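Peer 1: 223 is the number of the first residue of the sequence shown in the numbering used here; add one for each residue after it. Below is one structure. I have some questions about it.
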Amino acid sequence: MRIRPMPGVRVTSVDADGRLELLAASSTGPASYRCGPVGTAMWIALRQHDGDSAAAADLLARLWGTGPENARADLDIWIEEMRDAGLLHTEPAP
């Protein structure tokens, strides 16, 4: 499975402190969401790996000097939070 941004979700900025801002279309108008530096790294890793969460977690584990299982657990929690917010969804792998 691949983790993808919902249609209408786009990055508007990443500031100097590594905070990502997303803009999402909604029935009540555009909504803005912010991620801290860890969430920003997770977003970028997922996008770099075409939504492959296992590959993204492996990259994050190497960058952060932690075990892949720890990075995967943190990434899975973050993905669920982003799904709950309507920012990400799952698609079948190609």
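We treat Cβ as the ideally placed atom computed from N, Cα and C, and that holds for glycine. None of the values given here were measured: they were computed from a predicted structure.
Are residue 279 and residue 293 close, meaning C-beta to C-beta below 8 Å?
Peer 2: yes
Peer 1: According to DSSP, simplified to helix, strand and coil, what is residue 236?
Peer 2: strand
Peer 1: Can the beta-carbon of residue 256 be found closer than 8 Å to that of residue 242?
Peer 2: yes
Peer 1: For residue 223, count the other beta carbons within 10 Å of its own beta carbon; 16 or more makes it buried, fewer makes it exposed. Which is it?
Peer 2: exposed
Peer 1: Here's a check: name, in chain order, each residue in its chain whose Cβ is nearer than 6 Å to the Cβ of residue 267, leaving out the five neighbours to either side.
Peer 2: Around residue 267: 278, 281, 282.
Peer 1: Would you mind reading off the limits of the beta strand (DSSP E) that contains residue 248?
Peer 2: Per DSSP, residue 248 belongs to no beta strand (DSSP E) and is neither H nor E.
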